[in-house]
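Student:
Residue numbers (the working numbering): 423 to 618.
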């Protein structure tokens, strides 16, 4: 049987071919969640910039300090002698012990909301992909048959391109015990020597 064109349209609607990820537009809920995540990310970045600028101004933080991620939380690197001056949660310290990573109190709630939104996003993506899989399941035999044809054509194409690259020729076969090679060479060696 033929594979329904509707299946291809459904997959195109849901999956971004260039990134192999679920599109924002796959569902209204996912679009809302991702919009909220982008907005939250902007909010966290602006809070972090303000906190870091204040800390730099008061001499608690190096001016070239950059925020980083620890366990999915945005944190700032602070020297141990100043860790009491930055209100927040200590998440980690560097291997040398010369830096502690603090999640400023002002971003804790926003980071919590981000984590909740990420979990919501994950649940919605799973729901969407499950729905797609449920719609594809009845067509699995036809899809496997179509895939086998594509694999076969791809294999033929690969052989033809390889033969063209190495100057391969189609052999003339007959039923006599005889072998004649004209201008024969090892294809792997030929490609290697050509590179040199």
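Just so it is clear, CB atoms sit at the ideal spot from N, CA and C, and this is done for glycine as well.
Identify the residues that DSSP records as bridge partners of residue 438: which are they?
Tutor: 443
Student: Would you identify the three-state DSSP class for residue 484, choosing helix, strand or coil?
Tutor: coil
Student: Short check: CB of residue 533 to CB of residue 496, under 8 Å?
Tutor: yes
Student: Counting pairs of Cβ atoms below 8 Å between the region 565 to 575 and the region 443 to 459, do you hit three or more?
Tutor: no
Student: Output yes or no for whether 8 Å exceeds the beta carbon distance between residue 535 and residue 455.
Tutor: no
Student: Identify every residue that forms a DSSP beta bridge with residue 609.
Tutor: Bridge partners of residue 609: none, in fact.
Student: Based on Cα-Cα distance, which residue from 485, 579, 604, 585 lies nearest to residue 613?
Tutor: 585
Student: Output the distance between the C-alpha atoms of residue 440 and residue 432, rounded to the nearest integer angstrom.
Tutor: Answer to the nearest angstrom: the Cα atoms are 16 Å apart.
Student: Would you call the CB atoms of residue 563 and residue 590 closer than 8 Å?
Tutor: no
Student: Looking at the strands, I want to know which residues DSSP matches up with residue 515.
Tutor: Residue pairing by DSSP places residue 515 opposite 522 in a beta bridge.
Student: Alpha carbons only, please: which of 484, 560, 502, 600 is nearest the one belonging to residue 517?
Tutor: Nearest of 484, 560, 502, 600 to residue 517, Cα basis: 502.
Student: Between which residues of its own chain and residue 466 is the CB-CB distance below 8 Å, once the five residues before and five after are set aside?
Tutor: 496, 529, 532, 533, 536
Student: Using only the alpha-carbon positions, how far apart do residue 555 and residue 519 sit?
Tutor: 49 Å
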